[in-house]
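Beneath this line is the structure, given in structure tokens, with notes to follow.
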Amino acid sequence: MDSIRTTCCVVGGGPAGVMLGYLLARAGVEVTVLEKHKDFFRDFRGDTVHPSTMQLMKQLGILDDFLKQPHQRLDAVGGSLGGYRFQVASLKHLKIDTPFIALMPQWDFLNFLSSKAKSYSEFNLLMEHEAVDLIEQSNRVRGVVVKTPDGTKNIESDLVVACDGRHSLMRQRAGLPVKEIGVPIDVLWFRISRLKDDSASELRGTINYGKLLILLDRGDYFQAGLIIEKGSFAKIQRDGIEAFRKSVAQMIPQFGNRTGEIDDWDKVKLLSVQINRLREWSRPGILCIGDAAHAMSPVFGVGINLAVQDAVAAANLLAAPLRNKESTEALLGKVQ
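Written out as structure tokens, the structure reads:
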């Protein structure tokens, strides 16, 4: 079996994994990031980049380039109850450089970060490389087994960081116990076209007929999220797409003539909401961060921003010892 050697192997090319890879490479650490897909294109993934994350990018000197990427800006949170409109909060008065939320498709955000990371020779991003198992020796993780288009390979490393999401295979292989926190909702994501006269720059929540729907302005369309009872999507599908369209039109009558665009269940994506956390984020040789360590509620899109914060915390603690080939064992718990 072919074998590759690296200092830090990051499993998962999401916000936590790519940001960690960028920060470690920037600090002079040889890092290999594994992404099982051939590209970053996945619809309806977390894309609400909060002001705190943009302040981080300013510190890194990449904010101006980030803001040149296609995005929309949200500077207020509003809602309607029945037909009554109200504003919940405004970000305009924050005393920072970016008093708004940037809505950027996650694939654009990841392509941007990875392009910055590739300017460092220490950074290596391997697409279509799926980590399927851990390499262990003397009760310590020494690397990962990877399935690639060219066959199975071993990647040996001083540290493995699992950033492979809420269904993390790496944390499962590491035997790290998960504490599940019950949550009663799921979310159905779909698109509604946006016209020039539609108001923008605001995240809107609509409560009507006992239901809650979120609208995010995405430029030429709204990303709509309908909150449903957990496990009820199958029943909604059995009732038929026409009944679903009528239900949406009832909630947001101003868009009622556009719900015909939802003409197939393939256009409705289910987000099965999970909230959980690891009791311990690490064991010798492996660390979990991001959703692999703590799956978050989708409310206000905090997940991507906390994943970035995890990457920053991990890089700040681990970059120097990894670069100097020193032990990180005593530091892994401090990331948590």
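Sequential numbering of the sequence shown, starting at 9, is according to this note's numbering. Positions of the beta carbon are idealized from the N, C-alpha and C atoms, including for glycine.
Check, Outcome
"Alpha carbon of Val169 to alpha carbon of Arg266, nearest angstrom", "44 Å"
"Extent of the continuous beta strand (DSSP E) run through Trp197", "Ile193 to Ser201"
"Opposing strand residues paired with Ser88 [DSSP bridges]", "Arg93 and Thr214"
"Endpoints, alpha helix (DSSP H) assigned at Ser123", "Gln114 to Ala125"
"Beta-carbon gap between Gln282 and Val154 smaller than 8 Å", "no"
"Whole runs of the beta strand (DSSP E) within the segment 157 to 184, excluding any shorter than 3 residues", "159 to 170"
"Ala322, enclosing alpha helix (DSSP H) - first and last residue", "Val310 to Arg331"
"Straight-line gap, Leu234 to Val256 (C-alpha atoms, nearest Å)", "8 Å"
"Chain-order list of residues whose beta-carbon lies under 7 Å from that of Ile163 (same chain, five-residue window excluded)", "Ile12, Thr14, Cys17, Thr40, Gly151, Val152 and Val154"
"Length at least 4, wholly inside the segment 44 to 70: the alpha helix (DSSP H) runs in chain order", "59 to 67"
"First through last residue of the beta strand (DSSP E) which encompasses Ile235", "Tyr229 to Glu237"
"Whole-angstrom C-beta distance between Gly21 and Leu133, which should lie under 8 Å", "7 Å"
"Contact check, Leu314 vs Leu326, beta carbons under 8 Å", "no"
"Cβ shell of Asp272 (< 8 Å), same chain only, five flanking positions each side left out", "Ile249"
"For Gly151, three-class secondary structure by DSSP", "strand"
"Backbone secondary structure at Ser305 - three-state DSSP", "coil"
"Length of the line joining the Cα atoms of Arg212 and Asp318", "28 Å"
"Rounded C-alpha distance that separates Met62 from Phe49", "22 Å"
"Three-state class that DSSP yields for Asp272 in the structure shown", "coil"
"Among Phe108, Leu28, Gly173 and His302, nearest to Phe131 - alpha-carbon criterion", "Leu28"
"Under the three-state DSSP convention, the category Gln245 falls into", "helix"
"Per-residue burial, Gln231 [other beta carbons within 10 Å of its own, 16 or more giving buried]", "buried"
"Local conformation of Val256 per DSSP, three classes", "helix"
"Given 8 Å, three or more beta-carbon pairs between the segment 69 to 80 and the segment 198 to 205", "no"
"Under 8 Å between C-beta atoms of Asn57 and Met135", "In the sequence as displayed, the identity of residue 57 is Val instead of Asn. No."
"Residue-level contact to chain D via CB, Ala84, 8 Å cutoff", "Annotation note: the requested chain D is absent from the structure, which comprises a single protein chain."
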